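In my numbering, the protein residues as written are 3 to 230.
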């Protein structure tokens, strides 16, 4: 997050935990519940280091408590389309793991010692981002195409965009024997799972990865703002 201090980052992360704790605790809803809006508006964050750390820990425990109370299938409001990720506490938990992992990277970067995201977290992070942040029923405003995401760890996904929107599926990883899928994607992106997550979250640029096909399609994908 350019221009942020570590305090800003902690405030954002802890405030997010409290916001989602209120959302999960409120149960099914068609809009952000008043409790969540109030929690964000009334946010008071200490600046003294030990108090700030304690506040962040308390924020995380509030979210964990709400998630345990609701159970993974408990319904709640969420900003994403339910096309591929459910609007449930389980969906919230999965998304917050990824947000927390990326913000941990931000904190490491600020201290001058960035580390790759843990492999299993990152592998789930690629899929979670595609299923949660990209999936939409809104029509793709350009010629239908597909994007393949290949991890060095051996897992791959295809994002298809067309008049029916955007949705992703797992696909077999290319091998030396088979090469790319015969039904080639418009663009294929290769990197470690951590690199792909950091790219999807705008922490690194496409030129940090290996891109096969039409790289200009990635610019169209980044610029796209679906209606839902």
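Built from N, CA and C at the ideal position, the CB exists for glycine as well. None of these values were measured; they are calculated from a predicted model.
{"Check": "Buried or exposed: which applies to residue 179, given that a residue is buried once 16 or more other Cβ atoms fall within 10 Å of its Cβ?", "Outcome": "Per-residue confidence for residue 179 stands at a pLDDT of 49, beneath the threshold of 50, marking its modelled position as unreliable; the derived number appears in the next sentence. Flag for residue 179 reads exposed."}
{"Check": "At the level of alpha carbons, what is the spacing between residue 73 and residue 215?", "Outcome": "43 Å"}
{"Check": "Here's a check: name, in chain order, each residue in its chain whose Cβ is nearer than 7 Å to the Cβ of residue 109, leaving out the five neighbours to either side.", "Outcome": "8, 11"}
{"Check": "Residue 20 lies in the beta strand (DSSP E); which residues open and close that run?", "Outcome": "Looking at the DSSP string, residue 20 is not in any beta strand (DSSP E); the run it does join, the alpha helix (DSSP H), is 8-28."}
{"Check": "Apart from the five residues on each side of it in sequence, which residues of its chain come closer than 8 Å, Cβ to Cβ, to residue 64?", "Outcome": "19, 20, 23"}
{"Check": "Taking residue 215 as part of the beta strand (DSSP E), name the residues at either end of that continuous run.", "Outcome": "212-215"}
{"Check": "For the alpha helix (DSSP H) that contains residue 232, what are its first and last residues?", "Outcome": "Absent from the structure is residue 232, since the part of the chain shown begins at 3 and ends at 230."}
{"Check": "Out of curiosity, what's the CA-to-CA distance linking residue 33 and residue 88?", "Outcome": "15 Å"}
{"Check": "Less than 7 Å between C-beta atoms, sequence neighbours within five positions excluded: which residues of the same chain meet that for residue 222?", "Outcome": "144"}
{"Check": "Note down the Cα distance separating residue 171 from residue 44, rounded to an integer number of angstroms.", "Outcome": "40 Å"}
{"Check": "Measuring alpha carbon to alpha carbon, tell me which of 166, 149, 118 ends up nearest residue 205.", "Outcome": "118"}
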